[in-house]
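Protein chains in written order, with the numbering used here: chain A, 1271 to 1551; chain B, 58 to 160. Quick reminder that beta carbons are idealized off the backbone N, C-alpha and C, glycines included. Remarks on the structure that follows.
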Amino acid sequence: MEYIEPHAHMVSRTTDDYQQLALTGCVALAEPAFWAGWDRRSADSFEDYFGQLTDFEPKRAAQFGIRHYTYLCLNPKEGENRELAREVIKRIPKFLERPNVIGIGEIGLNRNTRNELETFKDHVALALEYNQLILIHTPHLEDKYKGTKLIIRALQTFAKLDPQRVMIDHAEEHTIEMIRDNGFRCGLTLYPHTKVSMARAVDILEMHGTQGIYVNSACDWGNSVPVAVPQFILEMRRRKHSEETIRTVVYDNPISFLSQSPKFHLQAPQASVSQMAEVGI
Amino acid sequence: MSNLAGSCKMDLAQTLDEYFLENRHKLLEIAAFLDRLDRACDGATPEDDFRVAAMRRAIGVLLSDSKCRARDVQLILSDPTDEPRERLDRKAAWGAYINQNGH
Chain A
1271 MEYIEPHAHM
1281 VSRTTDDYQQ
1291 LALTGCVALA
1301 EPAFWAGWDR
1311 RSADSFEDYF
1321 GQLTDFEPKR
1331 AAQFGIRHYT
1341 YLCLNPKEGE
1351 NRELAREVIK
1361 RIPKFLERPN
1371 VIGIGEIGLN
1381 RNTRNELETF
1391 KDHVALALEY
1401 NQLILIHTPH
1411 LEDKYKGTKL
1421 IIRALQTFAK
1431 LDPQRVMIDH
1441 AEEHTIEMIR
1451 DNGFRCGLTL
1461 YPHTKVSMAR
1471 AVDILEMHGT
1481 QGIYVNSACD
1491 WGNSVPVAVP
1501 QFILEMRRRK
1511 HSEETIRTVV
1521 YDNPISFLSQ
1531 SPKFHLQAPQ
1541 ASVSQMAEVG
1551 I
Chain B
58 MSNLAGSCKM
68 DLAQTLDEYF
78 LENRHKLLEI
88 AAFLDRLDRA
98 CDGATPEDDF
108 RVAAMRRAIG
118 VLLSDSKCRA
128 RDVQLILSDP
138 TDEPRERLDR
148 KAAWGAYINQ
158 NGH
């Protein structure tokens, strides 16, 4: 079955992972900007990263017929540094015209601090000013419930914001209702330990329905599974869900959200020999 | 989420056939983990740790009649407060809520 991987940090993954994604039916993916595992020291470092996301990674993905899209931001893990955040946010607009940039993300909260919240609101304002989609990271573990409440409360202060253009990701059993009741799109992240398992993701869909929900691997440099979405497909089949229902979650719903950006389309990318040489293959 | 009855497409026997063994495994992992805490070389009391205390409360939920046990466990492990933290205390979450008194 063809699927969309709407959240994957491919800069941290190998070319073999791109191949596995392609072999399992992935036709497009979206890569939000994230934390490198260490705090970057300057806005210049972010500019280099944004260059990687908008130039190098699309070429790497194209070799396997996968279309690559991206969201840009300073990740919530670095949001405490207000000075750095302001400087990075100033530099984002010049990248927004690049052909694979579809939004601002993944923004949100990490430890739910006042500074993180201010950095989050600055990013939302930027997204609205430039008419970008918004991808939101909700915090980990014990911080998720409160963080999701704070995020929704902050979003509701933006009168012009259309909640259907906002994807609130990493939802779990205790946050999905507040996300959907307030009209936002909702992502379930399939992680081995710290988010939802394949079985729990199916449980959530059985209990809440499929409307406005997609699943993703959020694979990165940590303990994560790039082919989590096809594993989820197998779990849905194990649970006797129809192919139509599965396709809704792994293909139609991601397209419904992502295609609100005029840049998103599914024509297979062409990887030229010169492009492949450029990325060292 | 008012009517959850029948929302799983498998009947009871099918669900047990598919999932009993892997959940039996998880149950034994938790039991062995609790035993391991009791055998810690410093002789410390596991229940004094906020994570163990939260886990013991969560285990109580498993025996309840709630139809949303996963959600209820999540809430037990969550920060129940509403106001943002004044400043960053650490980068990573703990997995269970710790209040200002360390509990």
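At the 7 Å Cβ level, is A:Y1415 part of the contact set with chain B, yes or no?
True, the Cβ-Cβ gap to chain B drops below 7 Å.
For A:L1431 and B:L94, the rounded distance between their alpha carbons:
If I take the Cα positions, the gap works out to 49 Å.
Is the beta carbon of A:Y1400 sitting closer than 7 Å to the one on A:L1425?
no
Please list, in chain order, the chain A residues whose beta carbon lies closer than 8 Å to that of B:K83.
Here the premise fails: no neighbours, minimum Cβ distance about 10 Å.
Closer than 9 Å by beta-carbon distance: list the chain A residues that pair up with B:R113, in chain order.
In chain A, no part has a C-beta under 9 Å from the C-beta of B:R113; the shortest such distance is about 16 Å.
Leaving out five residues on either side along the sequence, give the residues of the same chain with a beta carbon under 7 Å from the beta carbon of B:C65.
T72
Beta carbons nearer than 9 Å to chain A: which residues of the stretch 130-149 of chain B have them?
V130, Q131, L132, L134, S135, D136, P137, T138, D139, E140, P141, R142, E143, R144, L145, D146, R147, K148 and A149
As a quick exercise: from B:R144, B:N156, B:A127 and B:M67, pick the residue whose alpha carbon is nearest that of B:A110.
B:N156
Assuming A:Y1273 contacts A:Y1521 under a Cβ cut-off of 8 Å, what Cβ separation, rounded to an integer in Å, is found between them?
6 Å
Below-7 Å beta-carbon distance, A:M1468 vs any chain B residue
Output row for A:M1468: interface = no.
Between A:H1463 and A:L1396, what straight-line distance do the alpha-carbon atoms span, to the nearest angstrom?
The straight-line gap from Cα to Cα measures roughly 33 Å.
Quick check on the burial criterion: 16 or more other C-beta atoms within 10 angstroms. Buried or exposed for A:A1471?
Residue environment: A:A1471 is assigned as buried (16 or more neighbouring CB atoms within 10 Å of its CB, all protein chains considered).
Can you find a CB in chain A that lies within less than 7 Å of the CB of B:S121?
no
Rounded C-alpha distance that separates A:I1421 from A:Q1322:
Taking the straight line joining both Cα atoms gives about 29 Å.
Strictly by DSSP, which residues pair up with A:P1532?
Looking at the DSSP output, A:P1532 bridges to nothing.
Would the beta-carbon of A:T1294 fall within 7 Å of that of A:P1500?
yes
Please state if the CB of A:G1457 and the CB of A:N1493 are separated by a distance shorter than 7 Å.
Taking 7 Å as the cut-off, the beta carbon of A:N1493 is found no closer than this to the beta carbon of A:G1457.
Alpha-carbon spacing of B:W151 relative to A:R1311, whole angstroms
26 Å
On a Cα-Cα basis, can you pick out the residue from A:L1528, A:A1498, A:A1469 and A:V1394 that is closest to B:E75?
Of the candidates A:L1528, A:A1498, A:A1469 and A:V1394, the one whose C-alpha sits nearest the C-alpha of B:E75 is A:A1469.
Candidates A:R1330, A:S1467, A:R1435 and A:R1361, of which the one nearest A:N1452 by Cα
Selected option, being the one with the closest Cα: A:R1435.
Would you mind giving the Cβ-Cβ distance between A:H1298 and A:R1337, rounded to the nearest angstrom? I have them listed as a contact below 8 Å.
One detail in the question is off: residue 1298 of chain A reads as Ala in this sequence, not His. So it is a contact: roughly 4 Å between Cβ atoms.
Whose Cβ in chain B lies nearer than 7 Å to the Cβ of A:K1329?
Simply none; closest approach about 32 Å.
Mind pulling the chain A residues with CB within less than 7 Å of B:G152?
Contact annotation for B:G152 against chain A: L1411 and E1412 [CB-CB distance below 7 Å, chain order].
With C-beta atoms as the reference, is A:G1373 less than 7 Å away from A:L1398?
Taking 7 Å as the Cβ cut-off, A:G1373 and A:L1398 do not qualify as a contacting pair.
Kindly say whether B:R126, judged by its beta-carbon, lies nearer than 7 Å to any beta-carbon of chain A.
no
Cβ-based burial, B:E86 [other Cβ within 10 Å; buried from 16]:
exposed
Whole angstroms are fine: how far does the CA of A:I1525 sit from the CA of A:E1476?
21 Å
Please specify which runs of the alpha helix (DSSP H), each continuous and at least 4 residues long, are wholly inside the stretch 1388-1447 of chain A, giving them in chain order.
1414-1425
Give the DSSP-derived three-state secondary structure of A:P1302 in the structure shown.
Strand at A:P1302.
Using a Cβ-Cβ distance under 7 Å, would A:N1345 count as near chain B?
no
Candidates A:L1460, A:G1482 and A:D1473: which alpha carbon is nearest A:F1454's?
A:G1482
Please tell me whether A:R1381 and B:L145 are closer than 7 Å, where the distance is taken between their beta carbons.
yes
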